[in-house]
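Visitor:
Right, here's the structure in full:
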């Protein structure tokens, strides 16, 4: 390809409305343009990236035995009514009325359509399992589209749906999809984690999200430094400390703590670290009109999802009012503690491991210090109530946890019979009985992967593409070619040589000043750059620069092809 | 690929609602399934055909220097208001209201969006010409979707738009697109014609439709048997006869023709061929309150488009009322003729070439016979007023015309400044002046090509795919493999051998009875079939059958690969 036949539309200025770096760089590098809120046109350079990403996804899905189909983007309301989602789905579902006043929607997902297809085409257990996927444009009418393609309204998605006779078969395909997704993100060259996700009512290890790690990510991910374990911070388990609790060494006493209601204030006032100060929180109990005390270390955060899953605690988690706190504890919220309460007290593993701790005295403006479980109050009922922190042991027993931010780009999910039941998608079993199929679904936000790749791979000069999805692998820049026939000729010769060797090369024949051209290619982020000028020709060499490392080199023309191939391999 | 990993969904019965053969065969062969009126899901086999078609289109567009982009399918109303089409476009435009009550549509075409993009990105004549295309899902809310993918609501389209400084540059790209479309349909292997199309207000040879010839086509196409000339029958020109008119040999006389008002009745009554009987039609004139007589041969059809383009004739063409006819001619419509009228008379070239003709006498129930131009009435003003017929000379002077039916699958069009003017899409010229760009647009209905290919290529047993877009090139059928380890082993070996040679081969491992499997593959239309059974193994041969010709052969296993490669080449 030649730039003279390619719309290069780089921008010097960062567009004002682009809040995150991938959005800024995709606009500046001329990969996309905004048509309307949440709607983007892919320009030729950007589309090359999208297509390469799509091709990797397709190859790996095919390799995994999934079959590609293409369903309409416009779906009839009747199917959504059958599943119950026509009413349940909020305003993110773009509803459409056709010329005959019939209801449709622009599909944000295709569970209903695929289940309808499969219930008509698959009749026998012999046809199972089957895994059907498509790579298709979807629409989600976000209330506030932002972050460019990270939360666009129209986007490209790979969505797959598998159908099975039983859970074992579903698990098998699920595992294959887990491995397939891992291969996909590895091939693209992204630092990612497969993260345990909340499965709501389904339970089990039945859902994983695939996150690209990037500091701008919306989700905090905890992952082991020694194993594959990864989970959303809110879902990662904490383990009870392995060592026994230290012995009591202080005597409990009550101290005045005037106006010291927060852990920070208390810790500073008492000259004691926050981890010695226990927080007590009163929440509504699972049984009506009961309250429960939850205790965590002062340096830990209560994990509300974990707390509300405790059988004694009401879901959704609801904190007791100040009036209720005073009624139960006889003190204000900043002065309460677990000692002497006549209600259930649930103590986080880590809080139960502290000796000589501080807690509220259940008396206004007073705290107790030197308190010890099993001596000053009973040994507590313990539970996992807090968010994990960096340095915590990994729940799988291998290594310690690190915490990073992630961008969700994929999701695999064991749906079970949720849709097949509603739509009565059944097959005949070996014994001739009718049985509802069990389902899995597997999504990758293809356009989102492109944005996430940039969030993870950029520097102050622009994008640093992973080679697998770069718009071009190599850019060849003849310097001052308009002044030198010999540079033009040699550049053309090198270009043809690389093309013939199958290298994905672009020649920059725009005749820009070298500095301007170099800045463009830094911004666009082509991995390998070759610079050909008079001086190099005099010395029989071509200059090379690696975008990611900034490393330079000079190649003789004889060795050029080998050198490039070696770097592309 | 193995059938065990491919959804084969052939149907024995022809679905009742499928009216044309491509629709029937796409359903029966399991290529598509209906989701709702005009909405179809592509099953795995069908999608392979669609993707191969798409790939050929993409390759040829890229080869022609066009750049691929991808615009949103959902478009804001504002741009359509700017072009004026928000009001002009009928109910085929699927209008959408988003959650913020803003107006959008599901794009049936992208002139507005591309012009908006180009007016922002292209500032200088140096960036011209540019030709941008996409392959994308479109929606047209047909009032009565029918014929499967031939007139679906959601369909796959390749649409390209070129921008130019002047007409010469537009013509250049237009010519390139003409050649590119020809290459595309040749590569696919279709019998097609590039047909001159009506350009409405723009004029010139500025529009061609590409038609796949098939007896079920909606349009009648006239084309030369010796040149590239082709045009819609309604647009094809007729030439004045090259030979002089025969001399008058009869005397004019008036005859009673009671109740003989049609040409057929008259011709039978007078025992004269229809081409000797001239039809006279009164239509409104271009000037207010005038009427004009049009005369064509009895065996010819008036071409209303040609007639209304005549400067003396009102457009749209409007026939005079019976009252008006009587007032002007003094007779009923079935008895009028060109002789003695006090209004302009325009005579078709062919009608002006008839000697000793019959025409109405302008007296009820009477005709004149033995009438001759230049003797009984003046030499007429002539024009091209009729539809061409098979056997007419080709208007380009090469050969004679044949007439066939065609399915429009592509359209190229010189738009001129229609959209760029409305949207003020300007560039700076070499002299620094602002100039509106001139545009071309070029569409191919990709999913329609698939249906048209079937309309052209099928027999009573099913589809006969052109090899280029067949779902697979070769199908390998082991016969009774479940009973024979040796057949299974050899089939697997042949399959691997073909795969390794890069052959697009499918192995049918379903274990069906041979007749059932053969019927499936006849229906699906894979071009080359290999059949491997015990008997063949005994003789060291594999059986071959060519779907299109039905020709069979036996190959030794040594020669198999060469034989197949030769047939695929």
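Protein chains in written order, with our numbering: chain U, 921 to 1489; chain Y, 921 to 1489. Cβ atoms here follow ideal geometry from the backbone N, Cα and C, with glycine treated the same way.
1. Can you list the residues of chain U that residue 1016 of chain Y reaches, using a CB-CB cut of under 9 Å?
2. To which residues of the same chain is residue 1284 of chain Y closer than 6 Å at the C-beta, ignoring the five residues directly before and after it?
3. Please confirm whether residue 946 of chain U and residue 1137 of chain U have their CB atoms less than 7 Å apart.
4. Residue 1130 of chain U by DSSP, collapsed to three states: which one?
5. Buried or exposed: which applies to residue 1054 of chain U, given that a residue is buried once 16 or more other Cβ atoms fall within 10 Å of its Cβ?
6. Figure out for me which residue from Y/1092, Y/1449, Y/1489, Y/1468 has the closest Cα to the Cα of residue 1474 of chain Y.
7. So, does the CB of residue 985 of chain Y fall closer than 7 Å to a CB anywhere in chain U?
8. Just to confirm, is the Cβ distance from residue 1274 of chain U to residue 1300 of chain U under 7 Å?
9. Assuming residue 1080 of chain U and residue 1194 of chain U make a contact with CB atoms under 8 Å, what is their CB distance in whole Å?
10. In chain order, which beta strand (DSSP E) runs of at least 3 residues are fully inside the stretch 1206-1242 of chain Y?
11. Taking 7 Å as the threshold (beta carbon to beta carbon), is residue 1255 of chain U in contact with chain Y?
12. Examine chain Y for any beta-carbon lying closer than 7 Å to the beta-carbon of residue 1000 of chain U, and answer yes or no.
13. Here's the rule I'm using: 16 or more other beta-carbon atoms within 10 Å means buried, otherwise exposed. How should residue 931 of chain Y be labelled?
14. At the 7 Å Cβ level, is residue 992 of chain Y part of the contact set with chain U, yes or no?
15. For a contact meaning CB atoms closer than 8 Å, what does residue 1061 of chain Y contact in chain U?
16. How about residue 989 of chain Y: is its C-beta nearer than 7 Å to some C-beta of chain U?
17. May I ask which residues mark the beginning and end of the alpha helix (DSSP H) holding residue 1087 of chain U?
18. With a floor of 4 residues, list each alpha helix (DSSP H) that falls wholly inside the stretch 927-996 of chain U, ordered by position along the chain.
19. What runs of the beta strand (DSSP E), each 3 residues or longer, lie entirely inside the stretch 1353-1439 of chain U?
20. Taking the straight line between their C-alpha atoms, what separation do you get for residue 1513 of chain Y and residue 1196 of chain Y?
21. At which residues does the alpha helix (DSSP H) containing residue 1189 of chain Y begin and terminate?
22. Assign residue 1123 of chain Y to buried or exposed, taking buried as 16 or more other Cβ atoms, counted over all protein chains shown, within 10 Å of its Cβ.
23. Along the chain, where does the alpha helix (DSSP H) containing residue 1288 of chain U start, and where does it finish?
24. Would you kindly work out how many angstroms separate the C-alpha atoms of residue 1225 of chain U and residue 1235 of chain U, rounded to a whole number?
25. Throw me the rounded Cβ distance for the residue 1484 of chain U and residue 1418 of chain U pair, which I believe falls under 8 Å.
26. What's the gap between the Cα of residue 1312 of chain U and the Cα of residue 1149 of chain U?
27. Using only the heavy atoms of the ligand GTP, determine whether one of them is closer than 6 Å to the beta carbon of residue 999 of chain U.
28. By the 8 Å beta-carbon criterion, what residues does the stretch 1068-1085 of chain U contribute toward chain Y?
29. Round the Cβ separation of residue 1375 of chain Y and residue 1134 of chain Y to the nearest angstrom and send it over; I've been treating them as touching at under 8 Å.
30. Examine chain Y for any beta-carbon lying closer than 7 Å to the beta-carbon of residue 1343 of chain U, and answer yes or no.
31. What residues in the stretch 960-974 of chain Y bring their beta carbon closer than 9 Å to a beta carbon of chain U?
32. Tell me, please, whether the stretch 979-995 of chain Y touches the stretch 963-970 of chain Y by the rule of three or more beta-carbon pairs shorter than 8 Å.
33. I need the DSSP call for residue 1138 of chain Y, collapsed to helix, strand or coil.
34. Taking a cut of 8 Å between CB atoms, which residues from the stretch 1192-1222 of chain U lie near chain Y?
35. Please confirm whether residue 1041 of chain U has its beta-carbon closer than 7 Å to some beta-carbon of chain Y.
36. At 4 residues or longer, and completely inside the stretch 1019-1060 of chain Y: list those alpha helix (DSSP H) runs for me, N to C.
Guide: With the given structure in hand:
1. Counting from one through the second chain, the residue named residue 1016 of chain Y turns up at place 96. Neighbours of residue 1016 of chain Y in chain U, taken as residues at a C-beta separation under 9 Å, are given in chain order as 1014, 1015, 1016, 1017, 1026.
2. Here residue 1284 of chain Y refers to the residue found at position 364 of the second chain. Excluding residues within five positions, the ones whose Cβ falls inside 6 Å are 1251, 1252, 1255.
3. Position 26 of the first chain holds residue 946 of chain U. Position 217 of the first chain holds residue 1137 of chain U. Result no, Cβ atoms of residue 946 of chain U and residue 1137 of chain U do not sit closer than 7 Å.
4. Here residue 1130 of chain U corresponds to residue number 210 of the first chain, with the count starting at 1. Reduced to three states, the DSSP call for residue 1130 of chain U is strand.
5. Numbered from its first residue, the first chain carries residue 1054 of chain U at position 134. It is buried - the Cβ of residue 1054 of chain U has at least 16 other Cβ atoms within 10 Å.
6. Here the question's residue 1474 of chain Y lines up with position 554 in the second chain. Of the listed residues, the one whose Cα sits closest to residue 1474 of chain Y is Y/1449.
7. Walking along the second chain from the start, residue 985 of chain Y turns up at place 65. Output row for residue 985 of chain Y: interface = yes.
8. In the first chain, counting from the first residue as 1, residue 1274 of chain U sits at position 354. In the first chain, counting from the first residue as 1, residue 1300 of chain U sits at position 380. No.
9. The count along the first chain starts at 1 and reaches residue 1080 of chain U at position 160. The count along the first chain starts at 1 and reaches residue 1194 of chain U at position 274. Not really, about 47 Å apart at Cβ, beyond 8 Å.
10. 1211-1217
11. Counted from its first residue, the first chain places residue 1255 of chain U at position 335. No - not a single Cβ of chain Y is within 7 Å of the one on residue 1255 of chain U.
12. Walking along the first chain from the start, residue 1000 of chain U turns up at place 80. The beta carbon of residue 1000 of chain U does not come within 7 Å of any beta carbon belonging to chain Y, so the residue lies off that interface.
13. Here residue 931 of chain Y refers to the residue found at position 11 when the second chain is read from its first residue. Exposed, since its Cβ has fewer than 16 Cβ neighbours within 10 Å.
14. Working through the second chain from its first residue, we reach residue 992 of chain Y at position 72. The beta carbon of residue 992 of chain Y sits closer than 7 Å to some beta carbon of chain U.
15. The count along the second chain starts at 1 and reaches residue 1061 of chain Y at position 141. The contacting residues are 1018, 1019.
16. Sequence index remark: in the second chain, residue 989 of chain Y carries index 69 (1-based). It does; some Cβ of chain U falls within 7 Å.
17. Residue mapping note: residue 1087 of chain U aligns to position 167 of the first chain, counting from 1. Unbroken alpha helix (DSSP H) run through residue 1087 of chain U: 1087-1108.
18. 941-948, 964-983
19. 1354-1356, 1358-1365, 1394-1398, 1425-1427
20. Look at the range of chain Y in this structure, 921 to 1489, and you will see that residue 1513 of chain Y is not part of it.
21. Locating residue 1189 of chain Y in the second chain gives position 269, counting from the first residue. Segment 1183-1190, the alpha helix (DSSP H) holding residue 1189 of chain Y.
22. Here residue 1123 of chain Y refers to the residue found at position 203 of the second chain. Any answer about residue 1123 of chain Y is weak, because its pLDDT of 49 lies below 50 and its placement is not dependable; what the coordinates show is given next. It is exposed - the Cβ of residue 1123 of chain Y has fewer than 16 other Cβ atoms within 10 Å.
23. Residue numbering aside, residue 1288 of chain U sits at position 368 when the first chain is read from its first letter. Counting along the chain, residue 1288 of chain U falls outside any alpha helix (DSSP H), though it belongs to the beta strand (DSSP E) covering 1286-1291.
24. As a first step, residue 1225 of chain U is located in the first chain; it is residue number 305 there, counting from the start. As a first step, residue 1235 of chain U is located in the first chain; it is residue number 315 there, counting from the start. The straight-line gap from Cα to Cα measures roughly 9 Å.
25. Along the first chain, one-based indexing puts residue 1484 of chain U at 564. Along the first chain, one-based indexing puts residue 1418 of chain U at 498. 7 Å between Cβ atoms; contact.
26. Position 392 of the first chain, counted from the start, is the residue given in the question as residue 1312 of chain U. Position 229 of the first chain, counted from the start, is the residue given in the question as residue 1149 of chain U. Going by the C-alpha atoms only, they are around 13 Å apart.
27. Summarising the ligand content, the structure contains no ligands, and the ligand GTP is consequently not present.
28. 1073, 1074
29. Here residue 1375 of chain Y corresponds to residue number 455 of the second chain, with the count starting at 1. Here residue 1134 of chain Y corresponds to residue number 214 of the second chain, with the count starting at 1. Between residue 1134 of chain Y and residue 1375 of chain Y the Cβ distance is about 4 Å, and since that is below 8 Å, they are a contact.
30. Residue numbering aside, residue 1343 of chain U sits at position 423 when the first chain is read from its first letter. So, not an interface residue.
31. Along the stretch 960-974 of chain Y, the positions whose C-beta sits under 9 Å from a C-beta of chain U are 960, 961, 962, 963, 964, 966, 967, 968, 970, 971, read in chain order.
32. no
33. Sequence index remark: in the second chain, residue 1138 of chain Y carries index 218 (1-based). If DSSP states are grouped into helix, strand and coil, residue 1138 of chain Y belongs with coil.
34. none
35. As a working mapping, residue 1041 of chain U is identified with position 121 in the first chain. Yes, residue 1041 of chain U lies at the interface with chain Y (some Cβ there is under 7 Å from its Cβ).
36. 1031-1041
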